[in-house]
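What follows is a set of notes on a single structure, which appears directly below.
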Amino acid sequence: MMSLSKISLLDVVKKQFTFKLTAYKQVFISLIFIQLLAVFFSFNGVGMMGSSSESVEIDIQFYSADMVIIFTIIWALITAILITTTPYKNDDFTFVTNRLSSNLSNMLFLLTGSIVGGITAMLSTSLMKIIMYLFGGQGYIAANHSLSEVVIGYSSTILYILLFSGLGYLFGTLVQISKIFVVLIPGIFIGAGILGAGSLGFEWVKSIYQFIFTEPSILLFVLKVLIVVALLFSSSIAISNRIEVR
């Protein structure tokens with residue numbers, strides 16, 4: 012007698028997500044390489060100041076994880092685009108799957124990547140301090156951050172990375188429908204950058220930037236980013252439903 016077992020969507024998503032964590036380990040290896048490269052560039056510092064008297068000279072060099080965060084955001088954007096391509100999508104056919112489970116497992120993977128990338132990017136400041144302590148010669152390394160500042164820094168970084176992951180995933184999904192988006196979307200952002208976000212026809216770019224990136228309240232910032240990310244991923248799911256079954 013033949014028996015059929017019903018597999019729930021949650022089970023399929025969990026299996027696909029676990030598989031991708033193992034199969035896509037090169038993604039995290041590339042993250043380590045990119046962040047180490049960014050740490051190297053960060054040793055130029057983000058600013059400096061100094062003062063001197065007849066017998067004392069003080070030079071202060073400022074360092075931050077900004078460069079590492081930028082490199083990590085670029086990594087997340089590219090990774091999100093890549094997992095929408097055919098070679099990565101074919102991996103999903105190892106399982107009994109549909110577009111929804113594939114998208115959900117991809118989003119969980121990107122969320123995990125954003126969390127890992129955000130934490131390691133912020134921890135890079137500790138790596139810089141250790142390197143400077145060992146090889147920087149004489150000097151005093153100071154870092155005064157309250158617990159709330161650390162929490163805000165980590166959470167904001169993770170959300171920024173997740174936001175650009177969502178953008179990359181939507182871009183990659185659009186490209187799967189029409190290759191014209193390969194030229195169209197970068198052209199829009201390059202045009203906005205050259206002409207200015209406030210120029211005629213690009214006011215929406217400035218509005219989006221101000222809506223998200225100039226929010227002074229951390230709670231509202233978190234809420235706005237989560238809403239935008241949800242819209243980006245929901246749009247990707249809706250658009251992917253238009254792609255013909257291969």
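Each residue of the sequence shown is one higher than the last, beginning at 12 in my numbering.
Cβ atoms here follow ideal geometry from the backbone N, Cα and C, with glycine treated the same way.
Quick caveat, the model's predicted, so the values are computed rather than measured.
Helix, strand or coil at residue i [DSSP, three-state]
| i | result |
| --- | --- |
| Thr184 | helix |
| Met12 | Confidence at Met12 is low in this model, with a pLDDT of 40, below 50, so the placement of that residue should be treated as unreliable; the coordinate-derived value is given next. Looking at Met12 - three-state DSSP - the assignment turns out to be coil, as it is neither helix nor strand. |
| Pro98 | helix |
| Glu74 | The sequence given here has Tyr at residue 74, not Glu. It is coil, neither helix nor strand. |
| Pro197 | helix |
| Ser157 | coil |
| Phe54 | coil |
| Thr225 | coil |
| Lys217 | helix |
| Ser166 | helix |
| Ser176 | helix |
| Ser41 | helix |
Whole-number beta carbon distance between residue j and residue i, since they are thought to touch under 8 Å
| i | j | result |
| --- | --- | --- |
| Gly179 | Ala249 | Wrong, their Cβ atoms sit about 17 Å apart, outside the cutoff. |
| Leu174 | Val239 | 6 Å |
Residue interval of the alpha helix (DSSP H) (run including residue i)
| i | result |
| --- | --- |
| Phe146 | 110 to 146 |
| Thr33 | 20 to 34 |
| Lys235 | 229 to 251 |
Cβ-Cβ distance between residue i and residue j below 7 Å
| i | j | result |
| --- | --- | --- |
| Val24 | Ser116 | yes |
| Ser112 | Leu20 | yes |
| Ser135 | Ala76 | yes |
| Gly128 | Ile172 | yes |
| Val38 | Thr96 | no |
| Gly177 | Leu119 | no |
| Leu181 | Ser246 | yes |
| Gly164 | Met139 | no |
| Phe82 | Ile142 | no |
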